[in-house]
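In the working numbering, the protein residues as written are -10 to 199.
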């Protein structure tokens, strides 16, 4: 067997090993969403540090306090996924994760909240009015509560918005009675954009495995 033949066979072998490895490491689809490596839905695929959950065909992310958030999309090349903000309960101004204190990520896991989220807070105490919160009459939250059915229960409460940046905790969107009791979030919010063009979601990013 000459050198050229050996090289071709070695190349084909490496391709085969790579494909087998990828097939083994990637988890099966959950509903209509692909689950790319390193995300893991069970012990036999992905990396267990990047745990997500497939519940009845719906892919979900579990917070540190035991609340499940639906995963809307995943961008594996950017190491990011977007989860759905918790609904604000009908005819109230309470997010459905209020009892768990809002969104809290486990700081020992490789996920954090990205800096591309514009968070709106509702039914807030005046004690939270401080920089970098925008609690003015032109805050985005006023458009939400005036034009979106989910926000109607929050009308005439103190509301604010802010860009989730690196100066703030990257593992929590906090809720509590005596603070703010409801929130929602938009990804890649553009100044001047109309409320009907907002993309709702909370973008999380992960540190890729070594």
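Ideal placement from N, C-alpha and C gives every residue a C-beta, glycine not left out.
Quantities reported herein were computed from a predicted structural model and do not represent experimental measurements.
Per-residue burial, residue i [other beta carbons within 10 Å of its own, 16 or more giving buried]
| i | result |
| --- | --- |
| residue 118 | exposed |
| residue 191 | buried |
| residue 4 | With a pLDDT of only 45 at residue 4, under 50, the local geometry of the prediction cannot be trusted, and no value is derived from it. |
| residue 93 | buried |
| residue 164 | buried |
For residue j and residue i, the rounded distance between their alpha carbons
| i | j | result |
| --- | --- | --- |
| residue 96 | residue 179 | 29 Å |
| residue 11 | residue 144 | Because residue 11 sits at a pLDDT of 45, beneath the cut-off of 50, its placement in the model cannot be relied upon, and the point is left open. |
| residue -6 | residue 193 | Reliability of the predicted coordinates at residue -6 is poor, the pLDDT of 49 falling under 50, and no value is obtained from them. |
| residue 41 | residue 21 | 15 Å |
| residue 83 | residue 112 | 8 Å |
| residue 68 | residue 61 | 14 Å |
| residue 80 | residue 63 | 32 Å |
| residue 19 | residue 138 | 30 Å |
| residue 37 | residue 129 | 38 Å |
Identity of the residue in the options nearest residue i by Cα
| i | options | result |
| --- | --- | --- |
| residue 141 | 148, 107, 133 | 133 |
| residue 198 | 46, 28, 23, 24 | 28 |
| residue 152 | 131, 108, 56 | 108 |
| residue 102 | 127, 73, 87, 85 | 73 |
| residue 171 | 71, 57, 77 | 77 |
| residue 167 | 161, 195, 87 | 87 |
For residue i, three-class secondary structure by DSSP
| i | result |
| --- | --- |
| residue 47 | strand |
| residue 169 | coil |
| residue 185 | helix |
| residue 151 | strand |
| residue 33 | coil |
| residue 202 | Past the boundaries of the shown model lies residue 202; the chain is included only from -10 to 199, so the question cannot be answered. |
| residue 127 | coil |
Any C-beta of chain C under 7 Å from that of residue i
| i | result |
| --- | --- |
| residue 148 | The structure shown has no chain C; it contains just one protein chain. |
Self-check item: Length-filtered (3 minimum) beta strand (DSSP E) runs lying within the stretch 54 to 79
Solution: For the stretch 54 to 79, whole beta strand (DSSP E) runs of length 3 or above, ordered along the chain, are 57 to 64, 69 to 72.
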